[in-house]
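Protein chains in written order, with the working numbering: chain A, 20 to 400; chain B, 20 to 400. Virtual Cβ for every residue (Gly too), placed ideally from N, Cα, C.
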């Protein structure tokens with residue numbers, strides 16, 4: 020057993036009761052509205068936590084990278100990779116599809132062709148969702164007509180199975196209470212796509228959508244069959260700021276130590292850009308890169324790689340060197356990606372920990388001739 | 020052997036000839052000006068690359084974290100940890116000091132006391148530099164009088180050895196050609212501190228300073244005995260923008276694939292915030308989070324976790340899905356910290372690779388009762 024005070028900082032700590040509550044609440048919502056919950060594991064990157072989601076009724080998992088999908092295949096045999104399968108990605112996914120029911124989202128003929136070729140090579144079958152740009156303007160075909168065109172192409176390619184459509188409502192930000200018009204526009208888009216697919220005699224088993232900001236209003240997007248929130252397992256400052264959770268629902272904080280108070284008017288903690296990430300408050304109004312759980316008026320106003328500068332002007336709190344704080348990060352997915360291990364707490368006691376198993380990309384380290392030469396130099400001293 | 024085209028993207032690739040040139044040039048500068056070069060390894064986090072620096076005459080290495088220092092102790096027995104040793108950090112460093120000549124920088128009595136206590140416990144000796152705030156206003160004592168006060172305290176504590184002063188000129192940004200006044204102010208600060216220490220009969224063996232932006236003008240800060248640049252091994256877009264290197268001197272790029280061109284006016288690559296970091300151009304004037312090596316007018320204008328959006332409006336280049344690009348990142352230290360492996364190229368052929376060995380923090384993963392319970396659930400499906 021390790022005491023909280025013994026943890027070397029910066030350390031990621033998760034209040035397990037809060038996490039359990041977040042998981043339960045989303046599972047209940049999905050069940051009561053008969054929408055499949057397919058959590059995006061990019062937030063936690065842990066098969067152990069994915070298992071907690073599956074045990075609560077998740078229909079499968081969503082991943083972004085082949086490495087995430089491979090890691091999750093240990094605990095789940097129904098995976099959606101919500102990312103265009105181009106180049107070596109397609110090959111790796113086609114190989115994985117031999118072992119699990121694999122679905123990919125894509126928005127181009129190039130991606131469809133590559134996925135098909137890879138699946139033929141691997142002798143596997145891959146389900147495909149045509150991704151539509153629903154307003155975020157990041158990826159996705161630009162119209163339902165284009166969606167039908169790409170869907171026809173997918174349906175014609177060997178070893179692919181057209182499964183429906185997907186979109187990511189990443190443009191629906193800001194206060195949750197103000198989302199109604201955007202959700203209704205999304206419902207209209209889904210209806211349009213359903214009509215167009217039906218008219219073209221194309222199947223649409225799945226309409227995949229959903230994010231943490233829209234989580235509890237997903238049912239307002241008529242026709243959605245599954246949702247893919249990620250952040251909800253931990254929540255973060257941005258999620259709280261827009262009203263999609265309370266600040267107390269933020270399960271993950273970055274435990275940090277005050278390492279310097281030498282410069283007047285500020286305190287320096289050991290959580291900088293390499294622990295917190297430099298993520299702004301998207302759709303929210305707060306400044307800084309995170310706030311203290313104990314006093315949200317204290318924010319991390321600026322950072323270096325290993326230094327976070329706390330703004331003290333809005334608080335009467337005056338920290339001492341050596342004091343520990345917990346920072347609620349703006350964007351928790353980035354914070355987890357920056358770490359190797361996460362500690363689980365109950366009543367502020369460290370009761371467990373787990374590795375961030377699916378961070379990284381599973382790229383090989385080579386042992387070429389120069390690699391060995393470098394190594395020899397390194398060992399030869 | 021692996022072909023460049025086979026690498027799964029995003030991948031970090033280093034042109035070894037450019038890196039060698041960067042290393043040689045800094046080593047020659049340090050030698051010609053008789054300033055010790057103690058590179059900061061936070062940029063590459065690799066004992067193999069540290070060895071390249073030591074082979075070229077580096078006097079020792081600079082680290083930020085205990086884990087970095089432990090990793091570097093494999094190849095170097097003279098380490099400076101340029102970070103306040105508070106809490107468990109002090110214990111870990113004191114332990115390391117049994118095996119290597121260890122110096123730490125600190126700016127508070129609390130840190131001095133903790134370092135001394137830890138060194139007594141570990142039965143080791145630790146050299147100490149008093150860190151002065153030279154204008155960056157991040158950490159560091161606020162005056163030479165305060166430096167003398169803290170130095171006296173350090174000199175009085177068991178198992179510590181007062182070695183001099185350190186500062187980080189992180190406020191010296193912007194065009195290198197405009198640094199003269201700031202460098203001259205730093206020289207004045209050093210002279211003042213030298214006088215004050217001499218007057219108090221305190222030793223000042225070392226005056227440690229230096230950054231990549233100030234690298235080639237370090238000699239203008241009279242009295243500096245060692246410099247600690249980090250970024251110079253790879254350089255980055257910011258370093259080029261301020262004139263501390265040419266864009267062609269950027270040895271590390273992020274190899275990325277165009278995964279979508281569905282949204283008009285932009286192209287999406289698979290290097291987003293989880294590969295590039297969300298680092299602004301500090302002291303430089305460019306926008307975005309990185310630019311293409313082949314066409315610096317194309318910048319990564321916005322990002323999601325796994326998506327980078329290329330701004331095409333200033334270029335006639337129109338990418339195809341599947342095309343590969345190389346991104347020069349704004350801030351290379353963050354990019355390396357986000358990766359697990361780096362590939363080395365000669366003439367665009369992959370000839371080697373190495374792990375980012377000192378990323379992470381070396382924190383233990385526990386096997387407590389709940390950890391096992393979680394694990395059982397995970398395996399039990």
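Residues near residue i in its chain [Cβ-Cβ closer than 8 angstroms; skip 5 each side]
i              : result
residue 117(B) : 141, 142, 143
residue 383(A) : none
residue 177(B) : 135, 138, 139
residue 342(B) : 276, 277
residue 83(A)  : 59, 61, 100, 101, 102
residue 242(B) : 206, 209, 210, 213, 226
residue 11(B)  : Given that chain B is displayed from residue 20 to residue 400, the structure contains no residue 11(B) and the question cannot be resolved.
residue 105(B) : 129, 130, 133
residue 92(B)  : 98, 115, 118, 119
Selection from the options that minimises the alpha carbon distance to residue i
i              : options                        : result
residue 293(A) : 260(A), 273(A), 357(A)         : 357(A)
residue 240(A) : 253(A), 214(A), 208(A)         : 208(A)
residue 180(B) : 311(B), 186(B), 351(B), 131(B) : 131(B)
residue 149(A) : 102(A), 119(A), 250(A), 111(A) : 102(A)
residue 153(B) : 282(A), 304(A), 339(A)         : 282(A)
residue 201(B) : 214(B), 238(B), 183(B), 221(B) : 238(B)
residue 260(A) : 350(A), 145(A), 217(A)         : 350(A)
residue 270(A) : 194(A), 302(A), 364(A), 290(A) : 364(A)
residue 121(B) : 96(B), 127(B), 108(B)          : 96(B)
residue 359(B) : 372(A), 376(A), 352(A)         : 376(A)
residue 268(A) : 254(A), 274(A), 262(A)         : 254(A)
residue 338(A) : 58(B), 123(B), 129(B)          : 129(B)
residue 2(B)   : 24(A), 379(A), 203(A), 354(A)  : Absent from the structure is residue 2(B), since the part of chain B shown begins at 20 and ends at 400.
residue 373(B) : 385(A), 373(A), 381(A), 374(A) : 385(A)
residue 98(A)  : 48(A), 86(A), 107(A)           : 86(A)
residue 257(B) : 107(B), 23(B), 70(B), 195(B)   : 195(B)
residue 25(A)  : 26(B), 108(B), 90(B)           : 108(B)
residue 155(B) : 310(A), 361(A), 159(A), 285(A) : 285(A)
residue 264(B) : 161(B), 37(B), 274(B), 90(B)   : 37(B)
Beta-carbon proximity list for residue i, same chain, < 6 angstroms, skipping 5 on both sides
i              : result
residue 330(B) : 318, 320
residue 251(A) : 41, 45, 231, 234
residue 333(A) : 316
residue 352(A) : 61, 62
Neighbour list for residue i in chain A, Cβ cutoff strictly below 7 angstroms
i              : result
residue 281(B) : 126, 127, 152, 158, 159, 160, 161
residue 360(B) : 382, 384
residue 130(B) : 340
Interface partners of residue i on chain B, CB under 9 angstroms
i              : result
residue 105(A) : 28, 276, 277, 278, 279, 289, 340, 341
residue 297(A) : 292, 296, 297, 298, 299, 353
Contacts that residue i makes with chain B (C-beta to C-beta distance below 8 angstroms)
i             : result
residue 84(A) : 325
Within chain A, partners of residue i - CB distance below 8 angstroms
i              : result
residue 356(B) : 293, 324, 357
residue 61(B)  : 324, 325
Per-residue contacts from residue i into chain A (C-beta, under 9 angstroms)
i              : result
residue 108(B) : 27, 28, 276, 278, 289
residue 102(B) : 278, 289, 325, 326
Own chain partners of residue i with C-beta closer than 7 angstroms, once the 5 adjacent residues on each side are dropped
i              : result
residue 272(A) : 32, 312, 345, 346, 347
residue 308(A) : 295, 297, 298, 319, 322, 349
residue 402(B) : Only positions 20 to 400 of chain B appear in this structure, which leaves residue 402(B) out of reach.
residue 168(A) : none
Chain-ordered neighbours of residue i on chain B, where CB pairs are closer than 7 angstroms
i              : result
residue 379(A) : 359
residue 21(A)  : 385
Okay, do the region 226-234 of chain B and the region 64-73 of chain B touch, 3+ Cβ pairs below 8 angstroms being the bar? Fewer than three beta-carbon pairs drawn from the region 226-234 of chain B and the region 64-73 of chain B are found closer than 8 angstroms, and the two stretches are therefore not classed as touching.
Taking the runs of the alpha helix (DSSP H) that are 4 residues or longer, which of them lie wholly in the region 268-327 of chain A? 292-295
Whole alpha helix (DSSP H) runs in the region 240-268 of chain B with 4 or more residues, listed along the chain? Qualifying alpha helix (DSSP H) stretches, in chain order: 256-260.
Examine the Cβ distances between the region 357-370 of chain A and the region 322-342 of chain A and report whether three or more of them are shorter than 8 angstroms. no
Would you call the region 48-55 of chain A in contact with the region 21-40 of chain A, where contact means no fewer than 3 C-beta pairs closer than 8 angstroms? Short answer: they don't touch.
What ranges does the beta strand (DSSP E) occupy inside the region 30-87 of chain A, keeping only unbroken runs of at least 3 residues that lie completely in it? DSSP runs (the beta strand (DSSP E)) wholly in the region 30-87 of chain A: 30-34, 80-82.
Quick check: the region 247-260 of chain A against the region 71-86 of chain B, are there 3 or more CB pairs under 8 angstroms? no
So, does the region 104-117 of chain B touch the region 182-192 of chain B, judging by three or more C-beta pairs under 8 angstroms? no
Contained alpha helix (DSSP H) runs [length at least 4] in the region 105-172 of chain B, N- to C-terminal order: 107-115, 128-141
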